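In this note's numbering, the protein residues as written are 804 to 989.
Let me begin by presenting the structure, written as C-alpha cells, before commenting on it.
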C-alpha cells in the first residue's frame, strides 16, 4: 500500500460511535465504514491466533493542526463480515511525551505517538480477520479535540479547526500495532 494514509479530523463533524454504553460485544462496522476512519484488515487467518496481554500502538503521525487525537480500535472480523470491537483507546497527541507537560505539533512534521491501547485476551479463530481502525474523533464517547493547541475549556471553542492527519508507513516511519501474541508457553 501507499507510504502514507491521510484522513480528515473535523471537530465540528465527528465520526459517530454508535451505542453509548457497552452491554456486550457489538458490530463496529457502522463506525469503521465512515469516511474519516482508516481501516486496516488482515487476510483470513489460516490458524487460530491468541492475543493475551497489553496491546500498544506506535504511530508516526503528521498533521496540519497543532494538536489532534488518535483513537485506535482492534476488532475481530467474523467470516460473515461482522466486526466485533475488542479494545480501543483515545490518545491526545499533545501528551505524547507524558501527561506532565504538553508538546504541540508543528504542522507537517512527523511525530512518533506511542501509547497503550488496552488489555485483552482474545483467540482470533481460523478464517477470522484482525482489524485495526484509526480515527481522530468518536462521538459521543470522546469529546472532539479543537486542534488549535490552545488550553482546553469547558465550552467548545468556535475557532476549532479541521485538520488533515497522516499516518506514515514508510520504512523510516513504520506505524504499527504491537500485539501480545501468546503461543501457549509461560
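Virtual Cβ for every residue (Gly too), placed ideally from N, Cα, C.
Source: prediction; values computed, not measured.
Taking the C-beta atoms as reference points, residue 959 is found nearer than 9 Å to residue 947. 9 Å or more divides the Cβ of residue 816 from the Cβ of residue 881. For residue 974, no pairing in a beta bridge is given by DSSP. DSSP, reduced to helix, strand and coil, places residue 810 within a strand of the structure shown. In this chain, residue 834 is not harboured by any beta strand (DSSP E); it is covered by the alpha helix (DSSP H) spanning 832-835. For residue 898, the secondary structure class from DSSP, reduced to helix, strand or coil, is helix. Here DSSP, grouped into helix, strand and coil, assigns residue 925 to strand. Residue environment for residue 927: buried (at least 16 other C-beta atoms within 10 angstroms of its C-beta). Going by beta carbons, residue 866 and residue 812 fall inside the 9 Å limit. For residue 856, the uninterrupted beta strand (DSSP E) run begins and ends at 852-866, by DSSP.
For residue 840, there is no enclosing beta strand (DSSP E), as DSSP marks it with neither H nor E. Remark: C-beta atoms of residue 883 and residue 933 do not approach each other more closely than 9 Å. Under the criterion of beta carbons closer than 8 Å, residue 952 and residue 858 do not qualify as touching, at roughly 29 Å.
Assignment of residue 968 by DSSP, reduced to helix, strand and coil, places it in the strand class. Residue 809 has its alpha-carbon roughly 10 Å from the corresponding atom of residue 937. Here the alpha carbons of residue 832 and residue 885 stand approximately 7 Å from one another.
Between residue 967 and residue 876, the C-beta gap is not smaller than 9 Å, which leaves the two residues out of contact. For residue 979, the uninterrupted beta strand (DSSP E) run begins and ends at 979-981, by DSSP.
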